[in-house]
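Asks: What follows is a single structure, and I will ask about it in a moment.
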Amino acid sequence: MAEHRRRLELDMHKRELDLAQREKAMARRATVTAIRLGSHARALDEARNANTALRAKNSQLMQEIEEVNDERNQLITAELTFAHDRFTSKTYGGLRAVVGSERPHPDPHAQAGYGSRPPRSGS
Numbered sequence: 001m002a003e004h005r006r007r008l009e010l011d012m013h014k015r016e017l018d019l020a021q022r023e024k025a026m027a028r029r030a031t032v033t034a035i036r037l038g039s040h041a042r043a044l045d046e047a048r049n050a051n052t053a054l055r056a057k058n059s060q061l062m063q064e065i066e067e068v069n070d071e072r073n074q075l076i077t078a079e080l081t082f083a084h085d086r087f088t089s090k091t092y093g094g095l096r097a098v099v100g101s102e103r104p105h106p107d108p109h110a111q112a113g114y115g116s117r118p119p120r121s122g123s
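1 is the number of the first residue of the sequence shown in full-length UniProt numbering; add one for each residue after it.
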């Protein structure tokens, strides 16, 4: 009977040691999990802050793009308004007289007294 009791006490002691080891392992796991969670929370905060900064930068750049496009459109409008008279029928007639009139164009070489061509140098 004493032997049986001693075995039971040893078994109980072994179970208590096993339970203590499991509790220590659980405490270590809880600590590691808390550290990982803190690390992930910090990384998430940093990513959110970076995301907020990028959104603000994106918004600023989009506003600058709109301003540049507005200025570009104003410059195009001003250039078209400035050059408007080049595209009217009134000035088109003047251009036609210079470029494609029905009358023959005088030969500048004939006016210079060379006939149809200037003399070649060295001939």
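Glycine included, every Cβ here is placed at the ideal spot set by N, Cα and C. Owing to the predicted nature of the structure, the values given are computational and were not obtained by experimental measurement.
#1: Which class does A56 belong to by DSSP, given the choice of helix, strand or coil?
#2: So that I know if they touch, is there some Cβ in chain C lying closer than 8 Å to that of N51?
#3: Check M1 in the structure and name its three-state DSSP category.
#4: I need the straight-line Cα distance from A34 to A53, nearest angstrom please.
Replies: From the atom records:
#1: Here A56 sits in helix by DSSP.
#2: The structure shown contains no chain C, having only a single protein chain.
#3: Here M1 sits in coil by DSSP.
#4: Rounded to whole angstroms, A34 to A53 spans 28 Å at the Cα level.
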